[in-house]
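Taking it in order: structure first as structure tokens, then the write-up.
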Amino acid sequence: MSTTSGAENMEEGSYASFMASKPFEFVVGPEKKVFAIHSALVASQSAVLERLVNGDMKEAKEGSAVLEHVDEQTFIRFSQYAYMGIYRYPSYRPGPPHNADSDNNINNNQDGWMKETEAHCHKCRYCGKRCYGNEPRHGQMTKGKKLWNDFEKQLSSSEPYMVMKTASRLNDGEENDAELLLCHAKLYVFADSYGIEPLMKLSLSTLHYVLVKVSQSNDMASMAVKLLLYCYENDTPEALREIVVEYAACRVEHLWGLPQFQELLQTFGEFSMNLVKALLGRID
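full-length UniProt numbering numbers the first residue of the sequence shown as 1 and each following residue consecutively.
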């Protein structure tokens, strides 16, 4: 008597059906590199891709689609997900922490803000405290720390990023990779474009996981600015922008010292407004 479950039989049957289907070609990126994936597997990813492969469009009839605006690495990660349910993302070795000059600049900026505030905020005649607030009591959590804790708590063991822990380990790379953050954002945008909801959830929650788990450093700050730039230079989904802006609000002291970040604030008014809104959670 066979002990194979119905689910396993169905999975084996589906796999056999996928592998028996004819290849569907994708011409990817400006270099027009050709990739082939089994057509039944492509069609199973979403209703949009099912129509692309099996519908009445030109692509279905020719068995080929041109994805000129998709970069090769993003498409490769999609194909990894289609076949394996996970995708590989860059490893990362933490760089040095922020240098002393950067920290001094941050402190000087904060001192300047404080002095300017003190010039306009008078002491209470009864208790001597200023109207803008006071340092937190011993053992009391600051608003900035609470904001970061809330950002961390959005991750849960039930979210799909958990399976990605086995796909690629953090902090084991031989060199830093600027795509550490961008690769998840680009894959999320790709998945959103083609209605691949499970991949949308996986890529966004994995980005969240990386943002939480990788320690702050000069490299990480630079990568975060590049991620923000990607989100606002392109027409990206609101859910992606929200999580990136929340991260920026938590790490604004580290990001402020980068000229690219200040330029970003000046260039994209929508980002500036979103960041101010997120920063309201840090005001006492």
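Even glycine gets a Cβ: it sits at the ideal position worked out from N, Cα and C. Every value quoted in this text rests on a predicted model; they were computed, and no experiment measured them.
Which value, in whole angstroms, describes the spacing of the CA atoms of K186 and E197? Reading the sequence shown from its first residue, position 186 is the one you call residue 186. Reading the sequence shown from its first residue, position 197 is the one you call residue 197. Cα-Cα distance, rounded: 14 Å.
Based on Cα-Cα distance, which residue from Y232, A278, L155 and S64 lies nearest to E246? The count along the sequence shown starts at 1 and reaches residue 246 at position 246. Nearest C-alpha to E246: A278.
Please state the DSSP three-state secondary structure of V70. Taking the sequence shown and counting its residues from 1, the one referred to as residue 70 is at position 70. Correct three-state label for V70: coil.
Counting Cβ pairs, one atom from each stretch, are 3 or more of them under 8 Å apart for the region 242-258 and the region 199-211? yes
Residues near V34 in its chain [Cβ-Cβ closer than 8 Å; skip 5 each side]: Residue numbering aside, residue 34 sits at position 34 when the sequence shown is read from its first letter. Cβ within range, chain order: E25, F26, V27 and V28.
Pick helix, strand or coil for K22, following the three-state DSSP scheme. Taking the first residue of the sequence shown as position 1, residue 22 is located at position 22. It is coil, neither helix nor strand.
For A239, which of L280, E68 and V189 has the nearest alpha-carbon? Reading the sequence shown from its first residue, position 239 is the one you call residue 239. Closest by alpha carbon: V189.
Report, in whole angstroms, the separation of the C-beta atoms of P23 and A40, which I expect to be a contact under 8 Å. Along the sequence shown, read from residue 1 onward, the residue named residue 23 stands at position 23. Along the sequence shown, read from residue 1 onward, the residue named residue 40 stands at position 40. The pair is not a contact, with the Cβ atoms about 10 Å apart (cut-off 8 Å).
Do you know how far the Cα of L147 is from the Cα of L52? As a working mapping, residue 52 is identified with position 52 in the sequence shown. As a working mapping, residue 147 is identified with position 147 in the sequence shown. Their Cα atoms are separated by approximately 43 Å.
Could you pull out every residue in the same chain whose Cβ sits closer than 8 Å to the Cβ of E152, ignoring the five residues on either side in sequence? Numbered from its first residue, the sequence shown carries residue 152 at position 152. V212.
Per DSSP, cross-strand counterpart(s) of F35: On the sequence shown, position 35 is the one that residue 35 refers to. For F35, which the question treats as bridged, DSSP gives the partners F26.
Rounded C-beta distance between Y89 and C183? I'm assuming under 8 Å. Mapped onto the sequence shown, residue 89 falls at position 89. Mapped onto the sequence shown, residue 183 falls at position 183. Their Cβ separation, rounded to whole angstroms, is 5 Å, which keeps Y89 and C183 in contact under 8 Å.
Only counting the same chain, and skipping five residues up and downstream in sequence, which positions put a Cβ closer than 6 Å to that of F271? Locating residue 271 in the sequence shown gives position 271, where the first residue counts as 1. Cβ neighbours of F271 beyond the five flanking positions: Y232.
Determine the DSSP secondary structure at F271, reduced to helix, strand or coil. As a position in the sequence shown, residue 271 is number 271, starting the count at 1. Reduced to three states, the DSSP call for F271 is helix.
Going by alpha carbons, who is nearest to T74 out of A60, Q154, H254 and L180? Working through the sequence shown from its first residue, we reach residue 74 at position 74. Measuring from the Cα of T74, the nearest candidate turns out to be L180.
Short Cβ contact (8 Å threshold) for Y81 with L199: Translated into the one-based positions of the sequence shown, residue 81 becomes position 81. Translated into the one-based positions of the sequence shown, residue 199 becomes position 199. Yes, the pair counts as a contact, with Cβ atoms nearer than the cut-off.
Taking all protein chains shown into account, decide if Q266 is buried (16 or more other Cβ within 10 angstroms of its Cβ) or exposed. The residue you call residue 266 lines up with position 266 of the sequence shown. Exposed is the call here.
Buried or exposed: where does L280 fall if 16 or more other Cβ atoms within 10 Å of its Cβ makes it buried? Mapped onto the sequence shown, residue 280 falls at position 280. Exposed.
Just verifying my parser: in three-state terms, what is the DSSP assignment at S217? Position 217 of the sequence shown holds residue 217. Secondary structure of S217 (DSSP, three-state): coil.
For Q216, which residues in the same chain have their Cβ closer than 6 Å to its Cβ, ignoring the five residues on either side in sequence? Translated into positions along the sequence shown, residue 216 becomes position 216. Contacts found: H254.
According to DSSP, residues forming a beta bridge with residue 288: Because the chain spans 1 through 284 in this model, residue 288 falls outside it and cannot be assessed.
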